[in-house]
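Residue numbers (our numbering): 11 to 324.
Glycine residues also receive a C-beta, built at the ideal position from the N, C-alpha and C atoms.
A quick write-up on the structure given underneath.
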Amino acid sequence: MTNDTLTLFLSDFNFPALDYREISKRHNLIDFQSAAKCSGERSYYLKREAALLEISLVQYAMNKAVEKGFIPVITPDIINTDIADRCGFQPRSHSTQMYSLANEDKCLSATAEIPLAGMYLDEKIFLHDLPIKLVAFGRCFRVETGNRGKGRITGLYRVHQFSKVELFGLTANEDGTESEALLNEIVSLQKEIHTELGLHCRVLDMPTTQLGATAYRKYDIEAWMPGLKRYGEVTSASNCTDYQSQRLNIIYGKAAFGHKKKKLIDPKYVHTVNGTACAIPRTIIALLETHQKEDGSFALPDVLSTSFRSINTA
């Protein structure tokens, strides 16, 4: 699965395509100016239909994952720094992208992947209970320094706080194929979600030079953004094998019945896999630009809630 294109064409407009910032300005959907006064740069207010669109996207992505057997979870946003460190996010580093809380050894979660993994700290799991598949809605908090170079997308694309629906799983490692199978399942679900949203995307099998310390293999999905005239990353999915589980001490094994209770035999570290079901701000960018019409309106896909999908902005 390399550079797998979901569709064979890009949006073909017979009128000049506007970028999402111009669409927002015309219809008062996203307020960067007021957010800058309140919270500084890389902040935003979603207003009117854009606010409802976030809620609809969260509901849609959560429902899709639950239909595929993922267990829904709402995670804490404040986490112990040690948990983030064990997950590979290095919150104490000078170059960290995480926010730390003053006078406490805690930080704000950069992704629901961290508290989902932390939920299983020091856990012992029976083989017959694997795989475990979770889907979480959470807020992501990121410093986002060092991302001002030429060609970078600004505005809603790279912000300090945003909503995201995250997929996470724990698998066995009996024959070495279990975590790869779950990674492929997650990528398949990501493709299904973004295809149903009417977005034109491509899947990138990332080279080893683009992998972080935690990932054994990683896929990115990029959506075409007609107004910006470029692809932008909207999801990623990673197989971390036992990188996180060794540091979090998450083990599994076959069940053996002892004198009083079941216990593990032949213990091994689980494998962990994660992926984005829907990163809300970037998905909103792609939706607004892809589904715009010449008359100033846009009709969102049928898979979104009926009360939100038909938005006439004329």
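- Asp-252 is the residue among Asp-305, Lys-303, Asp-252 and His-301 whose C-alpha sits nearest the C-alpha of Gly-98.
- Annotation for Cys-211: no alpha helix (DSSP H) segment contains it, though the beta strand (DSSP E) segment containing it runs 211 to 215.
- C-alpha of Pro-141 to C-alpha of Gly-237: approximately 41 angstroms in a straight line.
- In the three-state scheme derived from DSSP, where H, G and I count as helix and E and B as strand, Gln-302 is classed as strand.
- For Ile-88, there is no enclosing alpha helix (DSSP H); the enclosing beta strand (DSSP E) covers residues 88 to 90.
- Excluding the 5 residues flanking it on each side, Asp-115 has same chain C-beta neighbours closer than 6 angstroms at Thr-91, in chain order.
- Of the candidates Leu-39, Lys-47, Lys-174 and Leu-62, the residue whose Cα lies closest to the Cα of Val-244 is Lys-174.
- A residue is called buried when at least 16 other Cβ atoms come within 10 angstroms of its Cβ; Ala-289 meets this threshold and is buried.
- Taking the C-beta atoms as reference points, Ala-127 is found no nearer than 7 angstroms to Glu-176.
- Distance from the CA atom of Glu-232 to the CA atom of His-210, rounded to whole angstroms, is 8 angstroms.
- Taking 8 angstroms as the upper bound for CB-CB distance, Ala-247 and Leu-193 are in contact here, some 6 angstroms apart.
- In the DSSP annotation of this structure, the continuous segment of the alpha helix (DSSP H) that includes His-37 starts and ends at 30 to 37.
- In this structure, DSSP gives Tyr-262 an extended state, which the three-state scheme calls strand.
- The alpha helix (DSSP H) runs of length 4 or more contained entirely in the stretch 40 to 93 are, from start to end of the chain, 42 to 49 and 59 to 77.
- In the structure shown, the three-state DSSP call for Glu-206 is helix.
- Pairing Leu-258 with Asn-249, the inter-Cα distance amounts to about 16 angstroms.
- The residues Ala-146, Phe-147 and Gly-148, in chain order, have a CB closer than 8 angstroms to that of Ile-84 in the same chain once the five nearest residues on each side in sequence are set aside.
- Each residue's CA atom was taken as its position, placing Ser-34 and Leu-28 some 10 angstroms apart.
- Beta-bridge partners assigned by DSSP to His-281: Thr-181.
- In the three-state DSSP reduction, Asp-276 falls in the strand class (E or B).
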